Amino acid sequence: MANTQIAAARSGTITEEMERVAERENRDPEFVRKQVADGQAVIPANRNHDALDAMIIGREFATKVNANIGNSETTSDLETELEKLHTAVHYGADTVMDLGTGSDLDEIREAHIEHSPVPIGTVPLYEAVKQAGSPEAITTELLLEIIEKQAEQGVDYMTIHAGILAEHLPLTNGRKTGIVSRGGSIMAKWMEEHGEQNPLFQVFDDICEIFAEHDVTFSLGDSLRPGCLADACDEAQYAELDTLGELTRRAWEYDVQVMVEGPGHVPMHRVAENVERQQEVCDGAPFYVLGPLVTDVAPGYDHITSAIGAAIAAQSGASMLCYVTPKEHLGLPDEEDVRDGLAAYRIAAHAGDVANERPGARDWDDALSEARYEFDWREQFRLALDPDRAREYHDQTLPGDNYKEARFCSMCGVEFCSMRIDQDARASENSPRPAETDQSQTEAMARLETETDLESSPAAEVNRPPVGTHDSDDLPPIDEWAEQPIDSTGDD
Ligand code: SF4
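The sequence shown begins at 1 in full-length UniProt numbering and counts up by one.
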């Protein structure tokens, strides 16, 4: 019997990793075991990945987010690659795919695995092309050799482009953007040059044996995913999906865990259809989607166009979302792009979890809302999805430590702060609504009024407490206000 999570689950064993996942997800360990046994969830956990903190990917669990990192021919050094891993994990990536195609691939991959608490995924086909020199020079022996080496190194899951078949290629003839998956275009080129079937499909059983030995999880690549709205949900995409369903069942026969990759570019009204179809065709194996982007017209903002699709996909049953950064279609993302992309995707994932009433998901929203209504700015920052960004934006206009207790911010100003007005109304004797704020807030406001150095912030000029005491005629013109230096050194 294979020594994999799914094999253990099927034999009735609750592994250490399942216990850990149950703890992280606030679920019963037996429920986790059953989900893994049935192939409805995967725990990517290569036995050689010692630093891993086990996590689970499945539609009954919190939606996960993947970030892609990796070097290229032009940017390549170990320290930079480790920094990218750190950035991705710091901003909340649940898994990281190392898509490096530059130099020192083995050294970098091993360092990633050694340091990463999250599962590491790869696309071994990329290394095969690099070694072979061109797509058509790849051999099945080389593919298996690289897959085995990466499995031994401790890679937790691998994208395997085994689902694109020779008979699918003519189905892409009428497409606007052809084959946009890197792996898909490589496999298509190989098949056309050799006049043979996809080599990854041909040796799929050998790959299953390697994966069973090291407990590597399949991420079955969607080589024919649509690259634009016009190509979404076409015959080519769905023909490959049928093959991915067959491969899912074949991998399960080897006690190997499987998730299935999905599109791509899909209009909003067809996102749910994609998820439902994959779940049906692949017998509930977790769906791992890239976006999808719901419009093609916003290069520079594709973290947003795709997070919209990702949120719908998460609500519809996708288990993991592969992030897209603002640089998608335009260039290699930098650290700020990674941050923005991850924030957009964590929002999408969490919105899906709230909609699906995942245990504890809404508690986060409620806690932040309470902190907001209580004007507990420090708690609001702490609970924020990106605490640094929330604090940074707040402190751009109200940097002083004393403003961390203010009953307003610079958005509406103290006079028009609706929450303050509402609280004051509720606190009035005649209010039919109970006051939920306590005396300490009133005291804090009074302290703020007497202790605040109103000159320390340009925003204070327009938000000067107490209400209604400033003369709006004295306010500096907005262009002058914007030009004044902002003192951010007063932060706590
Ligand atoms: S000033 Fe406006 S945005 Fe700021 S806390 Fe009050 S209601 Fe919210």
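Note that CB positions come from ideal geometry on N, CA and C, so glycine has one too.
Remember, it's a predicted structure, so these values are computed and weren't measured experimentally.
Residue i beta carbon near the ligand SF4 (any heavy atom closer than 7 Å)
i, result
"ARG420", "yes"
"GLY413", "yes"
"PHE408", "yes"
"CYS322", "no"
"CYS233", "no"
"CYS282", "no"
"CYS417", "yes"
Test item: CB-CB of residue i and residue j under 8 Å
i, j, result
"ALA8", "TYR254", "no"
"GLU152", "HIS214", "yes"
"MET257", "PHE218", "At residue 257 the sequence reads Gln, which differs from the Met that was named. Yes, the Cβ-Cβ distance between GLN257 and PHE218 is below 8 Å."
"VAL32", "ILE6", "no"
"ARG426", "ARG433", "yes"
"VAL338", "ALA111", "no"
"PRO199", "THR248", "no"
"ALA344", "ILE304", "yes"
"ALA236", "THR172", "yes"
"ALA371", "GLN315", "no"
"VAL123", "LEU321", "no"
"ARG250", "CYS208", "yes"
"HIS191", "LEU220", "Sequence inspection shows Met at residue 191; the His mentioned does not correspond to that position. No. Outside cutoff."
"ASN71", "ILE108", "yes"
"LEU342", "TYR91", "yes"
"LEU105", "ASN68", "no"
"ILE210", "MET187", "no"
"VAL203", "LEU143", "yes"
"LEU293", "GLY309", "yes"
"THR4", "ALA285", "no"
"GLU328", "ASP302", "yes"
"ILE113", "ALA128", "no"
"ASP231", "LYS176", "yes"
"THR63", "SER319", "yes"
"LEU385", "ILE347", "yes"
"PRO263", "ASN274", "yes"
"ASP296", "HIS265", "yes"
"VAL216", "VAL155", "yes"
"SER223", "HIS161", "yes"
"GLY12", "GLN35", "no"
"GLY352", "ASN26", "no"
"GLN197", "ALA239", "no"
"HIS394", "CYS412", "no"
Validate contact between the stretch 360 to 376 and the stretch 328 to 335 using beta carbons, cut 8 Å, 3 pairs: no
Unbroken stretches of the alpha helix (DSSP H), 4 residues or longer, contained in the stretch 5 to 54: 5 to 10, 16 to 25 and 29 to 37
Complete alpha helix (DSSP H) runs within the stretch 111 to 191 (minimum length 4 residues, chain order): 124 to 132 and 140 to 153
Segment contact, 8 Å Cβ cut-off, at least three pairs: the stretch 16 to 27 with the stretch 40 to 59: yes
Entirely enclosed alpha helix (DSSP H) segments - the stretch 196 to 263, minimum 4 residues: 199 to 202, 204 to 214 and 235 to 253
Secondary structure, alpha helix (DSSP H): runs of 4+ residues fully inside the stretch 304 to 356: Within the stretch 304 to 356, complete alpha helix (DSSP H) segments of at least 4 residues are found at 335 to 355, given in chain order.
Cβ contact (3+ pairs, closer than 8 Å) linking the stretch 174 to 184 and the stretch 222 to 230: yes
Three or more C-beta pairs below 8 Å linking the stretch 373 to 380 and the stretch 132 to 139: no
Cβ contact check for the stretch 46 to 54 and the stretch 65 to 82: 3 or more pairs under 8 Å: no
Ordered list of beta strand (DSSP E) runs contained in the stretch 51 to 86, each at least 3 residues: 64 to 69
Alpha helix (DSSP H) runs wholly inside the stretch 381 to 434, at least 4 long, in chain order: 387 to 397 and 418 to 427
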